[in-house]
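Peer 1:
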Amino acid sequence: MGSFGLILHVQQAWNNVQFDASTDSQASFSTVSDWLNRCLTTHTICHMNLSATPPTRVVHIPESGKPRLLVTNENTPAFLYTTLSHCWGSHMPLRLTTGNIEALQAEIPVEKLSRTFQDALEITKRMGLKHIWIDSLCVLQAPSQIGSPSLHQWPRSTPTRTAI
Ligand SMILES: [Zn+2]
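Convert by adding 200 to the 1-based position in the sequence shown; the result is the number in this note's numbering.
Pasting the structure below:
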């Protein structure tokens, strides 16, 4: 149904890295966090790719409690976030519409999200990040639309550059 991708700029020899057998282990997440921190602190070219302008809408994941939709404005400081884009085909996931945008700003019901979405939120949180951009939750969808986000929404709401 979808996939969650993480692209990091890893500037070190692969044979120096010890990988844990499970991608779900604390050791694996420590390795990924170490890559991310190294990328952000030592790679000049990666700093150039950090966007100063956050996306129009993003999912905020608090330390505790339910995630919610965050609508940014020109005063919102830049932050790191993960992204998840997918094609949902005939299955209609929970998606952002003018009818639920207010409710989703108060709370996003995680139990109504697909397993892919739930995993993406969990991975983001375990990486120590608090925001994720998911197309169906951050781009306004037409009520009857199936298959893909409204194309006219893409230029304004889609992140132009992503940190990770
Ligand atoms: Zn880098």
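Cβ coordinates follow ideal geometry from the N, Cα and C atoms, glycine included.
When you compare each of 253, 229, 230 and 284 to residue 335 by their alpha carbons, which one comes out closest?
Peer 2: If you compare the alpha carbons of 253, 229, 230 and 284 with that of residue 335, the shortest gap goes to 284.
Peer 1: Confirm the yes/no value for this check: CB of residue 245, any heavy atom of ligand 1, distance under 8 Å.
Peer 2: Correct: residue 245 has its Cβ closer than 8 Å to ligand 1.
Peer 1: With distances taken Cα to Cα, identify the nearest neighbour of residue 266 among 338, 330 and 341.
Peer 2: 330
Peer 1: For the beta strand (DSSP E) holding residue 331, just list the boundary residues, first then last.
Peer 2: 331 to 334
Peer 1: Does DSSP put residue 286 in a helix, a strand or coil?
Peer 2: strand
Peer 1: Please return the same chain residues whose Cβ sits closer than 6 Å to the Cβ of residue 304, not counting the five positions on each side in sequence.
Peer 2: 269
Peer 1: Please state whether DSSP places residue 220 in a helix, a strand or coil.
Peer 2: coil
Peer 1: Can you check whether the C-beta of residue 226 is within less than 9 Å of a C-beta belonging to chain B?
Peer 2: Absent from the structure: chain B. Only one protein chain is present.
Peer 1: Classify residue 271 as buried or exposed, calling it buried when 16 or more other Cβ atoms lie within 10 Å of its own Cβ.
Peer 2: Burial call: exposed.
Peer 1: What are the boundary residues of the alpha helix (DSSP H) that residue 240 is part of?
Peer 2: 226 to 242
Peer 1: Per the DSSP calculation, residue 259 is bridged to which residue(s)?
Peer 2: 269 and 332
Peer 1: Using DSSP with H/G/I as helix, E/B as strand and the rest coil, what is residue 291?
Peer 2: If DSSP states are grouped into helix, strand and coil, residue 291 belongs with coil.
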